[in-house]
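Numbering (our numbering), first residue to last: 84 to 253. Every residue, glycine too, gets a C-beta built ideally from N, C-alpha and C. Inspection log for the structure reproduced underneath, given as structure tokens.
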């Protein structure tokens, strides 16, 4: 039921953009691709109660989405098209300015997911706590998430192009 209502909402968003902003067909196709990508990236598997109650899964999801959000803001600063968007858009590769705006939208969505999974992590750890001393479990999982994030970000950062104006060695 939730999937049907979100599809109707996405269809309404497309129609509103088409009518009020008088977009040409290329821009409307790019918007359609972006909205489809954001809605597909959410996926129904994230609503599983088993997934949302396991601190190990949640800390890993926080780390992955922090890296995605950082990479999106990196690409927005460079006005380049990220690989995820390039794979989805196919032959409709957006211009550098539009790529920057799309990256900001994707980064915002991914930061929203970081906050959501961080809240789920705190709830999952608090649900397992029997005594106030047991809240150290939440600190431990948060620390694991931070260390995992930094490890993943270092790996992702090596694959990103250098910023403009920086020497090649940095």
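| Item | Value |
| --- | --- |
| Sufficient close CB pairs (3 or more, under 8 Å) joining the segment 190 to 199 to the segment 172 to 181 | no |
| Alpha helix (DSSP H) segment containing residue 164, residue limits | Where residue 164 is concerned, there is no enclosing alpha helix (DSSP H), given that its DSSP letter is neither H nor E. |
| For residue 157, the nearest candidate out of 203, 170, 183, 199 (CA to CA) | 183 |
| Proximal residues to residue 201 (C-beta, below 6 Å), its chain only, five neighbours per side dropped | 145 |
| Nearest residue (CA-CA) to residue 143, options 225, 167, 169 | 225 |
| Status (buried if at least 16 other CB within 10 Å, exposed otherwise) for residue 166 | exposed |
| Rounded straight-line distance, which links the Cα of residue 149 to that of residue 194 | 7 Å |
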